C-alpha cells in the first residue's frame, strides 16, 4: 500500500483543519467549547443491538431503492419546476469550436482532475478558464463608492458587496439577454483581515458598524460575456440589493408573535433587525432563495440560561464586542434577542422592495442550508442539517401546494408555503451488529454502512408532538425538542440536498473529532469512525420515494479521507481511481445527476476544493477534484451549470498570524492589495459543456 497523505499541520492545530483565526471569527471557537448537546439520547450504536433483523432491514431498503428508481421519470419530467429552472440557466452563446476528446469519466465529469496542492490561487483543470465575478467591497447600489479599504465607512459598505461570501444562487432574468440574478450569503466578518491596526480588545464604533453592513445578503445582476463563461456584475441594476445586520426582517409562521421572540424594541415578536452568519442556503422551485442562519450564538454576550448554553451562547463577552454598541447583543439586557436568530430566511430577489421573512415553521438551530423538493402533488419538502457536533438532521413538509406560473396571485401564495406544515427530526438505525462497528471505519460484514430510519414529528402548526413542550417552544428551542424525542446524534450535518433525478437525499457530514471520546457518543453505523477527521456523505431514500414518508433507508455513499486509508469508502468504486477528499461541506447537483462537493478544513495536506462524484451507473463513486482555492480559503456555494461553475472563495488568507499588515495570501489582486473574499466563475476554453 502507498503511504497515506500527510495531515495538514502548517498553520492549524484546530480540529477540522481550520486555522485558529477561522475558528475565532466564524464560529466562536465552537470546537474548543463544551459540546452543547449533553442529552442522554440513545446513540445509534446502542440502538443497533435492539434493531430488527438485518434481513427485514435490507428488504425495506430494497423496496425503497426500487421505488426511488421507478420515481425518477416523474421527478425530471419536462414540465417539472426543476426542469423549467434548468432550462432557464445560462448556457453561453455562439458556435462551438471543434470538439476535442474529453478525458474518461462519468458524463459531466470528463475533465482531468486537479492534483492536491497548496497554490495561492484558484487552480482549475487543463482546458478551463476563470474570472473573478465580484469581490468584497465592489459597489452594487446607486451612490456606493469604489472600494477603498483605507477609507472604508459603514455607509459605503452598505452599498457594496458584503464580506465572506458563502451560499450562491443564480436565477434567470427574463427579458435581459445574457443576464442572471446572483444571490449571495455573507456569513461572517474577520476584522483582523479587514482593518489595518485592528485592536480586538477595543474595536471602534465605525469598525463595528462596517462589520454590521458587511454581514447579510447581496443581490446583484450579472452579465455573461459572449462566447465565454465569464460573468461580471451589473452595478446599479434596479434589482441589486443589500440586506445587512440592521435591515428589517419579518418573522412569520406559527411562532411569530410568541412571547419568546419579544424584546423591548419589538413587543410584537414579529420584526427583527438583521440576519447573521448566513451559511448555506437553497433555491426554491417558485423562484425565491433560502438562507440559513448558522453560528449566530457567537454574536451574543452574557448568556445566563440552560437554553442559551444548549445553543452554544457563552456567559461572557463576545469576540467582536458588539454588545458595547447595541444592547440587543447583551442577553443580560435582552434575553430573547438571540431567539430571533437561527432561522431560515426566505428572500424574493425579484422584488427589491420586499421584506425578507424568517420562517419559524422550519425550526431554530444552526442552519447550514435548506434545500427543497416537491411532492407528487406539489408540496415543498425542505431538508436541513444542524451544523454542530452531535446534532440532528431535520425535514419540513408543507401542507400547501405550490401554484405554477409567475402571476402576482401565484407568487403571493407561494410566499406562504413555508409557514404551514410539519417539522420532523431523524432517528437512524444501522442494520449490522454493534460489534462490527468498532470505530475504525472498517466495513461491516455486509459490505456497506446502511440501515433504516424514521422521521419523528415535532410540531404541526400550533400543535406540539413533543411531550412537555408547547409548539412555540418546539420551534424556538428545536434542539431541545430533538433531544427529548431521541434523535440520532450526527457528525456535523451540514448541507442536505435531494437529487433532482432520483429523489435520493445526500447529507454532508463534515467531521467530528469528539466522536468516541470519553463521555461522548461512540461510533455508530451512520457515523462509523471515532475521532472523525474527514467526514462522510450519507445517502437517504424516502420510503416509496415519497418525501412525506415517515420512514427511509440510508447508506453511507462516501467515507472521506485518503483513498489509501482502509477506513475510506467511495460507494464501492476502485479507490486507486479517485481524488482524495476531506471534510465535505456544501453540495450541489449538475444536469447529469452528479453530486458536487465543496470542502471545509481539508486535513490531507492540500487546500480546500470542489469535487464532482457520480451517483449512478457503473461509475458510481468515481470522484474527481475540479478546483482548489487559495491559501487559507474555504470553497463555498457551488453553482453547477452546463457551461459554467461558480464558487464562493471564502476567507482567503485566514491563516494564524495573518493580518492586513502581514497577509498570508495575495489573492485575488496580487501583492500590495488587501485579500478579498470573492466569487469565481470557471468555464471550458472551447465553450462546450463542462465534463462532457
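In this note's numbering, the protein residues as written are 70 to 761. Here a beta-carbon is modelled for each residue, glycine too, at the ideal position from N, C-alpha and C. Keep in mind that this is a model prediction, so the values were computed, not measured.
Close CB contacts of residue 202 within its chain, under the 8 Å cut and outside five residues either way in sequence, are with 251, 291, 300, 301, 302, 715, 747, 748, 749, 750 (chain order). Here residue 280 has 258, 260, 389 as same chain residues with Cβ atoms under 7 Å from its own Cβ, once five neighbours each way along the sequence are excluded. Under the DSSP assignment, residue 544 falls in the alpha helix (DSSP H) whose first and last residues are 540–545.
The DSSP-derived three-state label of residue 410 is coil. Using a 10 angstroms sphere on the CB of residue 265, the tally of other CB atoms stays under 16, which defines it as exposed. For residue 611, the secondary structure class from DSSP, reduced to helix, strand or coil, is strand. With contacts defined as CB atoms closer than 8 Å, residue 435 and residue 456 qualify as a contacting pair. Restricted to the stretch 493–559, the beta strand (DSSP E) segments that are unbroken, complete and at least 3 residues in length are 519–529, listed in chain order. Shown here for residue 640: same chain residues with a beta carbon closer than 7 Å to its own, the five before and five after excluded, namely 626, 627, 689, 690 in chain order. Counting of Cβ neighbours within 10 angstroms places residue 427 among the buried residues, the total reaching 16 or more. About 23 Å separates the CB atoms of residue 391 and residue 745; that is not less than 8 Å, and the two are not in contact.
Between residue 565 and residue 462 a beta carbon distance of about 7 Å is seen, short of the 8 Å cut, so the two are scored as contacting. Here residue 734 is near residue 189, since their CB atoms are less than 8 Å apart.
Secondary structure of residue 253 (DSSP, three-state): strand. Taking 8 Å as the upper bound for CB-CB distance, residue 424 and residue 317 are in contact here, some 6 Å apart. A residue is called buried once 16 or more other Cβ atoms fall within 10 Å of its Cβ, and residue 207 is buried on that count.
For residue 317, the pairing in a beta bridge is given by DSSP as 342.
Of the residues assessed, residue 246 falls on the exposed side of the cut-off, its CB having fewer than 16 other CB atoms within 10 angstroms. Residue 198 has 752 as its beta-bridge partners, per DSSP. Assigned with DSSP and collapsed to three states, residue 92 falls in helix.
Here residue 687 carries a helix assignment [DSSP, helix/strand/coil]. The Cβ neighbour count for residue 187, taken over all protein chains shown within 10 Å, is under 16; the residue is labelled exposed. Here residue 367 carries a helix assignment [DSSP, helix/strand/coil]. Within the DSSP bridge table, the entry for residue 667 names 679 as partners. Rounded to whole angstroms, the gap between the alpha carbons of residue 331 and residue 405 is 7 Å.
Residue burial annotation: residue 541 is buried, with at least 16 other C-beta atoms found within 10 angstroms of its C-beta.
CA-CA distance, residue 583 to residue 347, rounds to 25 Å. Collapsing the DSSP output to three states places residue 217 in coil. Annotated three-state conformation of residue 471 is coil, per DSSP. From the listed residues 476, 407, 497, 521, the smallest Cα separation to residue 612 is found for 521. Looking only at 721, 738, 682, 701, the smallest Cα-Cα distance to residue 179 is reached by 682.
Rounded to the nearest whole angstrom, the C-alpha separation of residue 386 and residue 400 is 10 Å.
In this chain, the beta strand (DSSP E) harbouring residue 693 covers 692–697.
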